[in-house]
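If you read the protein sequences in the order shown, they are chains Y, S, W and E. Numbering of the first sequence is given in the working numbering, commencing with residue 78 and proceeding in unit increments. Numbering of the second sequence is given in the working numbering, commencing with residue 78 and proceeding in unit increments. Numbering of the third sequence is given in the working numbering, commencing with residue 78 and proceeding in unit increments. Numbering of the fourth sequence is given in the working numbering, commencing with residue 78 and proceeding in unit increments. Just so you know, even glycine gets a beta-carbon here, dropped at the ideal spot from N, CA and C.
4 protein chains.
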Amino acid sequence: MYSFKNDYSEGAHPRILNALMESNLKQTEVYGEDYYTKKAIKLLKQRIKRNDIDIHLLSGGTQTNLTAISAFLRPYEAAIAANTGHIFVHETGAIEATGHKVISIKVNDGKLSPSRIEPVLNTHGDEHMVKPRLVYISDPTEMGSIYTKNEIQQLSKFCIKNGLLLYVDGARLGSALCSEENDIELSDLGRLVDSFYIGGTKNGALIGEALVICKDSLKENFRFYIKQKGALLAKGRLLGIQFLELFKDNLYFNLAKHSNEMANLLKNGISKLGYKFFTYSSSNQIFPIIPNKLIKKLQDKYSFCIWKKIDDNNSVIRLVTSWATKEDSVLAFIEDMKNFIS
Amino acid sequence: MYSFKNDYSEGAHPRILNALMESNLKQTEVYGEDYYTKKAIKLLKQRIKRNDIDIHLLSGGTQTNLTAISAFLRPYEAAIAANTGHIFVHETGAIEATGHKVISIKVNDGKLSPSRIEPVLNTHGDEHMVKPRLVYISDPTEMGSIYTKNEIQQLSKFCIKNGLLLYVDGARLGSALCSEENDIELSDLGRLVDSFYIGGTKNGALIGEALVICKDSLKENFRFYIKQKGALLAKGRLLGIQFLELFKDNLYFNLAKHSNEMANLLKNGISKLGYKFFTYSSSNQIFPIIPNKLIKKLQDKYSFCIWKKIDDNNSVIRLVTSWATKEDSVLAFIEDMKNFIS
Amino acid sequence: MYSFKNDYSEGAHPRILNALMESNLKQTEVYGEDYYTKKAIKLLKQRIKRNDIDIHLLSGGTQTNLTAISAFLRPYEAAIAANTGHIFVHETGAIEATGHKVISIKVNDGKLSPSRIEPVLNTHGDEHMVKPRLVYISDPTEMGSIYTKNEIQQLSKFCIKNGLLLYVDGARLGSALCSEENDIELSDLGRLVDSFYIGGTKNGALIGEALVICKDSLKENFRFYIKQKGALLAKGRLLGIQFLELFKDNLYFNLAKHSNEMANLLKNGISKLGYKFFTYSSSNQIFPIIPNKLIKKLQDKYSFCIWKKIDDNNSVIRLVTSWATKEDSVLAFIEDMKNFIS
Amino acid sequence: MYSFKNDYSEGAHPRILNALMESNLKQTEVYGEDYYTKKAIKLLKQRIKRNDIDIHLLSGGTQTNLTAISAFLRPYEAAIAANTGHIFVHETGAIEATGHKVISIKVNDGKLSPSRIEPVLNTHGDEHMVKPRLVYISDPTEMGSIYTKNEIQQLSKFCIKNGLLLYVDGARLGSALCSEENDIELSDLGRLVDSFYIGGTKNGALIGEALVICKDSLKENFRFYIKQKGALLAKGRLLGIQFLELFKDNLYFNLAKHSNEMANLLKNGISKLGYKFFTYSSSNQIFPIIPNKLIKKLQDKYSFCIWKKIDDNNSVIRLVTSWATKEDSVLAFIEDMKNFIS
């Protein structure tokens, strides 16, 4: 049984484990003030091409989202997200649990834009309603789509004009940045958004997300929030060493490229077999529409999510690839599809 | 510079890293439903000698405390803690941030007892005050003291009689259980308290605390709380593999024993030099009272916390040992003390 | 300038002020444990025909909703509401501020039904999402529509079957119960729903809502919640005296009837002039669609809300009547409409 | 049975009810934007001698405290209060329920001072602890004592120097300001503290507290907080009319003076009988220490709180007077004491 269920079924890239091994018995400072974390943050700042940003290493995506968003908002302020957004559906109300409404906007492709956000602003006018304050987007989105630089620029302008914060959930940011169709760099995000995070867990790390805070007014006393939310690791080096390894050369991007290549291989193979896709994806999640009968057969050898019913005979499935996905497994999957439908 | 500042300055015990290496590329289930986590939980249940308990693996102490305590309490209910308790002072108001008051009781030795708790119950009577509901103790306490079986039994009886939950913060539980003066076993806790956690971070793991829920009514839907608080690791195996390694034989206890032995060595050495201690400790944290002049000299070669001023010439320092503390370093420290005061 | 903007532009029904006067200098118990409150609650229980219910008097609708709903839900549980529901839009995220997501269902008429709720249950399956737990409906809805007994029965069955709580926001319950098309009595609500409140503020009181808790498991320690949310009035008699006056005979219902009659008069008059309505209402809020030009002229003499743009020339306005609305003012409004359009 | 239990056992001063009567059927704006509220606020600003302050009318003390304090603090910030402070003991954890720790300081007389606060600042240093940010005092305190102008000035200086906000709970502010020993005016508070409230409920109103926000940075969007906490009355006029009546002449102060005079009468009478007092009070709450036997006899004719056991034979009782306390009742109480002990 081979899994295309997600991009976190394996451990870490071996180089990361080696780095943990090598540094293991050295005494360091704790709570993220160690040598490795500091060096990793320095490297990240170089990549983002800004020194006047704050970077904090946290453990996971939901933790990062809830810590950051609850720190950035005043009690009466709300986040705006696509109805497919991770914070809106798949975090067990973590944002609401910190006291903030998430206003959703219905979309099919997972993306937000000024014209989609504007109606929300128009219908929130006084103190009887929450005050929309933070625009949450994911790149890539939960539907596999990615943002162009122009789209981020438009969002950025719109947010500045309307007093909104722009926040990017980068759980799979590597995959977006390494998509064939991407024209964004880390430094663009550093310039255009108020805060974003660079996902490690889904791109080779055991755990770890690097939260970047660009806007000055959001930086103050942020470590208090991390501690209060239970997100300050005693052995912060665990995060530092991993990000150091991922960014001391191009490991992070190479892993993401591999992941995307594997998704492309799957996409092309499935496409050639005549199947269509539920959404257009250029990242490491694809959503083919295939017959239920075929799904049944595939499930004997592969695990994956059944995303949505299309009609009585067909459903959308989600296939996710990762840095660890083997080309052989992808080829075998396509070969099996061929055989099952012939 | 050698550090006696805490028990988390190093990485993990090498066997743990090896276990991560060996399992690294195997695909597993995620979010704590993997083979390793299940096996680790099975082993823990055997040690606790109860099958009808729930065990969840979380990342750190503050995270575990806030997730558990906020799940166990209704909004108007409060926790009771010693004024030295970790949740009362050193978690940035994490419990209050979930909406609950922590009622403190002033103590010197870090310990609670029925007679110390009773006045709190007597002064909380109606709906104008919070309802005390959960007694939080740490074993060992933050002052290095440990509980006897009889003391836990008394607390347990008292709590049952008064409708209180009894919760044990076991961040350093290994050290307590392996103290020369300890007469408690894991199975005693499983019988006598409503919930407790077995700390991994401070006893050989990279991260990891095993939360044990004994009382049936506290178990329901607990995974929802874990997810909502951002504490559900995608790669839950990271926790499972570590606890599996710690408990598949006696590694957990052997590490704690070593830690205690190093603390004893320090204690005896310092004692022989004629110094007294601020509190009586039989675990891996000791609190000697030494001259400020001596502190200054020691600080050139060692790092440790200055805990409290005693008078103009003397202060309490805190020395912490761990599974990784080297006997040579302990002996060198004592030797240096001798030399510095002669 | 005469206002049809809402049903709380005037003070209280004169009988209520008289009752406050008469009792004014008598000393009573405080915090809602006074003679008047107890008697009012007794009368309400008789009307609801159940003695085994708990009733608490609170000050306003948002306060009642947030106190009750946050008390009824566990931290990971969510409320389900129509997207027109007061808690979803017009309470500044008060429910979310207590930590709970409000899941919205898009409707035009303000009403929920089993078939509308079912998809929400189907898409919330595991601990990565909140657990839908409480169905929030308003009777009348925010769009003026009311529920039939059969509809409430269907909802009640559905909720029981699916482990959901059914809660009715009765801010304007008088108007619903006195609607010509209503077939529900207070005792039906007492039998069919888990909790509801009887609105006083919008039906003759200065302030005051009577929260009724029918389900046993929701009753415990409720006064703690009231106090914690700042909703426990020192002079609870202020609420008790008002509800006593409203329910010691049929004042509450007579006031609501008058309010509905005034709305009907408006509705019929506007209808005769050839205008249509945005939603079908049989309560004290009506939503005619009229030309923008006419709106402009009316605004010189009357205040009311412009609800929604229909096209470039027409908009929906909202007209609200109350116990205090004068028949003369209604007739004058219609006469003015006639004149303005001729 | 005559009650000295509290200062809210009666309704409102008759002039207030008359004012409600007179204005009753006039239509006004709602949610505190009505003519009466605006005029009351204008009058209050004149009394405070500042135009650049914001004033909001809320319903009760706990509501005011929780709305203001949770608005003023960032999530990791804490309030500092005397251990006798109302927010620390008697608000069912309302502040903690909004996410904030209340740090208590042990005092006997209910008062805080720089030297009492300083140790709290010294022991709160980094992100592992909450950040003390707001000093909460009550004037008069819950023990009947009052602050001098010099004391407030010292606190004010200290708070400014240490980046702390100074907040005054004025539930019984009238009694403090009208105490024989008082040298503070409303305008002093407006100059020296960041926010305070002027209590109405305990000085002649049915409900109502006027929250004054002096510091600019605390003012923004405050109405959102009021609404979100369920504290925005639809018929805001109810609060406006009352404060207008209380402050359009010296009614507020005259009522407080009467209340203090009645307390003095009690104090002197009890003193002459040879009894001592638990704390020194110059406001409308006094705490005589009397024999348990006497208490028993008094309880047949009077109700009051038994505050604290002193020894096996004597206890502290609390006697509270108000604007409505009758001189005859006070004289009768003293006469009865005399008779009971002879």
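7 Å Cβ shell around residue i - same chain, five flanking residues per side excluded
i, result
"Y357(W)", "S222"
"V397(E)", "F81, K82, N83, D84, N361 and Q362"
"L198(Y)", "P209 and N239"
"D260(W)", "T225 and K226"
is_contact[residue i, chain Y] using C-beta, thresh 8 Å
i, result
"P209(E)", "no"
"P152(W)", "yes"
"K385(W)", "no"
"N331(S)", "no"
"Y112(S)", "no"
"N391(S)", "no"
"T161(S)", "no"
"L283(S)", "yes"
Chain S contact for residue i (CB, 8 Å cutoff)
i, result
"R314(Y)", "yes"
"E204(E)", "yes"
"T225(Y)", "no"
"A89(Y)", "yes"
Residue j beta carbon less than 8 Å from that of residue i
i, j, result
"Y213(W)", "I157(W)", "yes"
"I363(W)", "N391(W)", "no"
"E173(E)", "G247(S)", "no"
"C382(E)", "I130(E)", "no"
"G346(W)", "A171(E)", "no"
"L283(S)", "A401(S)", "no"
"L232(W)", "P196(W)", "no"
"G267(Y)", "M220(Y)", "no"
"T144(W)", "E168(W)", "no"
"V107(E)", "A311(E)", "yes"
Whole-number beta carbon distance between residue j and residue i, since they are thought to touch under 8 Å
i, j, result
"I182(S)", "A155(S)", "Actually they are not in contact, since the Cβ atoms of I182(S) and A155(S) sit about 12 Å apart, beyond 8 Å."
"L97(S)", "G317(S)", "Between G317(S) and L97(S) the Cβ distance is about 11 Å, and since that is not below 8 Å, they are no contact."
"L288(W)", "T105(W)", "Wrong, their Cβ atoms sit about 21 Å apart, outside the cutoff."
"F355(E)", "V393(E)", "4 Å"
"G211(Y)", "L242(Y)", "The amino acid occupying residue 211(Y) in the given sequence is Leu; Gly does not appear at that position. Correct: roughly 4 Å between the Cβ atoms."
"D424(W)", "V245(W)", "This structure gives no information on residue 424(W), because the portion of chain W shown stretches from 78 to 419."
Beta-carbon proximity list for residue i, same chain, < 6 Å, skipping 5 on both sides
i, result
"A333(E)", "G251, S252, C255 and N280"
"E471(Y)", "This structure leaves residue 471(Y) out entirely; chain Y is present only between 78 and 419."
"Y113(S)", "R314, G317, I318 and L321"
Interface flag, residue i vs chain E, CB-CB below 8 Å
i, result
"K173(S)", "Looking at the sequence shown, residue 173(S) is not Lys but Glu. Yes, its Cβ sits closer than 8 Å to a Cβ of chain E."
"S147(Y)", "yes"
"A401(W)", "yes"
"Q231(W)", "no"
Contact with chain W by residue i, beta-carbon distance below 8 Å
i, result
"E257(E)", "no"
"T356(E)", "no"
"Y85(E)", "yes"
"T169(Y)", "yes"
"G176(Y)", "yes"
Other residues of its chain near residue i: CB distance less than 8 Å, five sequence neighbours each side excluded
i, result
"F324(E)", "A117, L120, L121 and R124"
"A148(W)", "L295, F299 and Y302"
Members of the region 297-311 of chain W near chain E, C-beta cut-off 8 Å: Taking 8 Å as the Cβ-Cβ cut-off against chain E, the residues of the region 297-311 of chain W that qualify are F301, K304, Q305, K306, G307, A308, L309, L310 and A311.
Near-chain S residues of the region 96-109 of chain W - C-beta to any C-beta below 9 Å: Hits within the stretch, in order: Y108.
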